[in-house]
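Residue numbers (the working numbering): 6 to 446. Glycine included, each C-beta is placed from N, C-alpha and C at the ideal position. Below you'll find the structure, written out as structure tokens, and then a few comments.
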């Protein structure tokens, strides 16, 4: 999910006998880093192909990915993926990340270990040069420390003593700490302290975090006050510069928090909601009984779903359904409850970024972020509203990881490009409002 801009040149030479073949690739890169690829030493207009193979590991199992594209060398005999479009292959158009986000699952490639990417230059279907790089999960400068009193929470930061601005990171309905482990080191390397806070862990998860709810129901938003109080006790952190980054249900959490905590200086909510939704979980016995979120021990007004259980059952049977449908049906059937459950985000005076996908099949994020923008425009609050008509729900990511969702309506290319745009906008938002310290001392 993370993006890291890393200067990385991969140099290829063709098989022409008169030209020495070279291939250089660093032994490691940071997860999500751009991987510029430049082929040199070719004949003008020479046809070649590039094959990218990757193996990822998650939960003890490995998955192989691959993508391939064909190119013609330019006049000087070069191919630079930052400026060259393939003539055919798994992606189209000029796109330096195309060879990587367009990867699709395949059998595990021989000789590629988990966590690595191999790029091969082919001339006339013959491998000419190959290099492999290992993907590491974090910048080695970043420190990771557990936070006492907050189950599963981690603080990520660069070494040093100068006070850092803090961004609180909230994942989505996947629960647990996985989002924080990916997002925290990436943002911390840019001069922030990241307080990655799990706030629920589903009962089906392999991760056990005692003290956190297993139901996504009545999650206490006001718990963030305790986070701020803890930050204020830490000499290396600046409690006057606190931001929030939330994704999906974490985005809903973030919008609620922004409407209630004026001390938040900047909030980025990716595929969030403009209303509070119904809660769920193994201990929620029936529909329309509990809210997703609570404040001061009281559940917040919520919009109930309509047909959610039936939709989930159909998905388990292998039928093509979307979770977007019961969300939309619930809004349509309960207009008065939509009014009561609307999050009054126009009360928030800080910097705000919201982003949604027009082909989000989880919930109608594009429509909901436009509602957020409209409510703030009415009272003169500036808001960065990003909508991507052909992108889906997964807008928080590097833009370089495989976007293989064959059954979704969203365009993989559009979603990958949206990820890059969202991450850029979030960095700009936090830089302007929180003033990071990239060279902490």
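Top-ranked residue by Cα proximity to residue 289, from 351, 207, 256, 330: In the chain shown, the residue the question calls residue 289 occupies position 284. The residue with the shortest Cα to Cα distance from residue 289 is 207.
Residue 296 burial status per 10 Å Cβ neighbour count (16 or more: buried): Along the chain shown, read from residue 1 onward, the residue named residue 296 stands at position 291. Residue 296 comes out buried.
Exposed unless 16 or more other CB atoms sit within 10 angstroms - verdict on residue 361: Counting from 1 along the chain shown, the entry for residue 361 is found at position 356. Around the beta carbon of residue 361, 16 or more other beta carbons sit within 10 angstroms, so the residue counts as buried.
Distance between residue 129 and residue 430 (C-alpha atoms, nearest Å): The count along the chain shown starts at 1 and reaches residue 430 at position 425. The count along the chain shown starts at 1 and reaches residue 129 at position 124. The straight-line gap separating the alpha-carbon atoms of residue 430 and residue 129 is approximately 42 Å.
Exposure of residue 314, with buried meaning 16 or more beta-carbon neighbours within 10 Å: Within the chain shown, the letter at position 309 stands for residue 314. Residue environment: residue 314 is assigned as exposed (fewer than 16 neighbouring CB atoms within 10 Å of its CB, all protein chains considered).
Per-residue burial, residue 248 [other beta carbons within 10 Å of its own, 16 or more giving buried]: In the chain shown, counting from the first residue as 1, residue 248 sits at position 243. Its Cβ being crowded by 16 or more others within 10 Å, residue 248 is buried.
DSSP-derived helix/strand/coil call for residue 283: Translated into the one-based positions of the chain shown, residue 283 becomes position 278. Correct three-state label for residue 283: strand.
As assigned by DSSP and simplified to three states, the class of residue 429: For the purposes of this step, residue 429 is identified with residue 424 of the chain shown, where counting begins at 1. Residue state, collapsed to three classes: helix.
Contact between the region 391 to 399 and the region 414 to 434 (3+ Cβ pairs under 8 Å): yes
Beta-bridge partners of residue 125, as assigned by DSSP: To locate residue 125, count along the chain shown from 1; it is residue 120. Paired residue(s): 56, 135.
Per-residue DSSP class, three states only, for residue 111: The residue you call residue 111 lines up with position 106 of the chain shown. The answer is strand: DSSP assigns residue 111 an E or B state.
Contacting residues, own chain, Cβ-Cβ under 6 Å from residue 356 (five flanking each side not counted): Numbered from its first residue, the chain shown carries residue 356 at position 351. Same-chain partners within the cutoff: 271, 434, 438.
Distance, residue 108 Cα to residue 89 Cα: Within the chain shown, numbered from 1, the residue matching residue 89 stands at position 84. Within the chain shown, numbered from 1, the residue matching residue 108 stands at position 103. Between residue 89 and residue 108, the C-alpha separation is close to 18 Å.
Residue span of the alpha helix (DSSP H) that contains residue 188, given as start and end: On the chain shown, position 183 is the one that residue 188 refers to. Element bounds for residue 188: 183 to 193.
Three-state secondary structure assigned by DSSP to residue 162: By 1-based counting over the chain shown, the position of residue 162 is 157. Note: residue 162 maps to strand in three-state DSSP.
Residue 376 versus residue 336: straight-line alpha-carbon distance, rounded: Translated into positions along the chain shown, residue 376 becomes position 371. Translated into positions along the chain shown, residue 336 becomes position 331. Near 13 Å, if we compare the C-alpha coordinates of residue 336 and residue 376.
Meets three-Cβ-pair contact criterion under 8 Å: the region 160 to 168 and the region 120 to 127: no
Residues near residue 49 in its chain [Cβ-Cβ closer than 8 Å; skip 5 each side]: Here residue 49 refers to the residue found at position 44 when the chain shown is read from its first residue. The residues are 78, 79, 80, 81, 82.
In DSSP terms, what residue 3 is bridged to: Limits of the chain in this structure are 6 at one end and 446 at the other, which puts residue 3 out of reach.
Unbroken beta strand (DSSP E) run spanning residue 73, endpoints: By one-based count along the chain shown, residue 73 stands at place 68. 66 to 77 is the span of the beta strand (DSSP E), which, as asked, contains residue 73.
C-alpha gap between residue 59 and residue 350, whole angstroms: As a first step, residue 59 is located in the chain shown; it is residue number 54 there, counting from the start. As a first step, residue 350 is located in the chain shown; it is residue number 345 there, counting from the start. Rounded to the nearest angstrom, the two C-alpha atoms are 42 Å apart.
Rounded separation between residue 388 and residue 359 - CA only: Translated into the one-based positions of the chain shown, residue 388 becomes position 383. Translated into the one-based positions of the chain shown, residue 359 becomes position 354. Looking at the two C-alpha atoms, the distance is approximately 8 Å.
Burial state of residue 197 (16 or more Cβ within 10 Å): For the purposes of this step, residue 197 is taken as residue 192 along the chain shown, with counting starting at 1. Residue environment: residue 197 is assigned as buried (16 or more neighbouring CB atoms within 10 Å of its CB, all protein chains considered).
Simplified DSSP assignment, three categories, for residue 213: Here residue 213 is taken as the residue at index 208 of the chain shown, counted from 1. In the structure shown, residue 213 sits in coil (DSSP, three-state: anything other than H, G, I, E or B).
Any 3 or more C-beta pairs closer than 8 Å across the region 274 to 284 and the region 307 to 327: yes
Cross-strand partners of residue 358 (DSSP beta bridge): In the chain shown, the residue the question calls residue 358 occupies position 353. DSSP output for residue 358 lists 273, 389 as bridge partner(s).
Burial state of residue 354 (16 or more Cβ within 10 Å): Residue 354 sits at position 349 when you count from the first residue of the chain shown. Residue 354 should be labelled exposed.
Beta-bridge partners of residue 250, as assigned by DSSP: Translated into the one-based positions of the chain shown, residue 250 becomes position 245. BP columns for residue 250 point to 174, 273.
Same chain only: Cβ atoms within 8 Å of residue 269, ignoring 5 sequence neighbours per side: In the chain shown, the residue the question calls residue 269 occupies position 264. Excluding sequence neighbours, residue 269 sits near 247, 248, 249, 262, 263, 353, 355.
Rounded separation between residue 251 and residue 74 - CA only: For the purposes of this step, residue 251 is taken as residue 246 along the chain shown, with counting starting at 1. For the purposes of this step, residue 74 is taken as residue 69 along the chain shown, with counting starting at 1. In a straight line, the C-alpha of residue 251 is about 35 Å away from that of residue 74.
Residue range of the beta strand (DSSP E) that includes residue 35: Here residue 35 is taken as the residue at index 30 of the chain shown, counted from 1. Counting along the chain, the beta strand (DSSP E) containing residue 35 begins and ends at 33 to 35.
Secondary structure of residue 291, DSSP reduced to three states: Locating residue 291 in the chain shown gives position 286, counting from the first residue. Reduced to three states, the DSSP call for residue 291 is coil.
Residue interval of the beta strand (DSSP E) (run including residue 199): Here residue 199 refers to the residue found at position 194 when the chain shown is read from its first residue. Unbroken beta strand (DSSP E) run through residue 199: 198 to 201.
Sufficient close CB pairs (3 or more, under 8 Å) joining the region 139 to 158 to the region 182 to 198: Contact holds: three or more Cβ-Cβ distances are below 8 Å.
Cβ separation of residue 61 and residue 119, assumed to be a contact under 8 Å, to the nearest whole Å: The sequence position of residue 61 within the chain shown is 56, counting from 1. The sequence position of residue 119 within the chain shown is 114, counting from 1. The pair is a contact, with the Cβ atoms about 7 Å apart (cut-off 8 Å).
Pair within 7 Å by beta-carbon distance, residue 327 and residue 366: In the chain shown, the residue the question calls residue 327 occupies position 322. In the chain shown, the residue the question calls residue 366 occupies position 361. Less than 7 Å separates the beta-carbon of residue 327 from that of residue 366.
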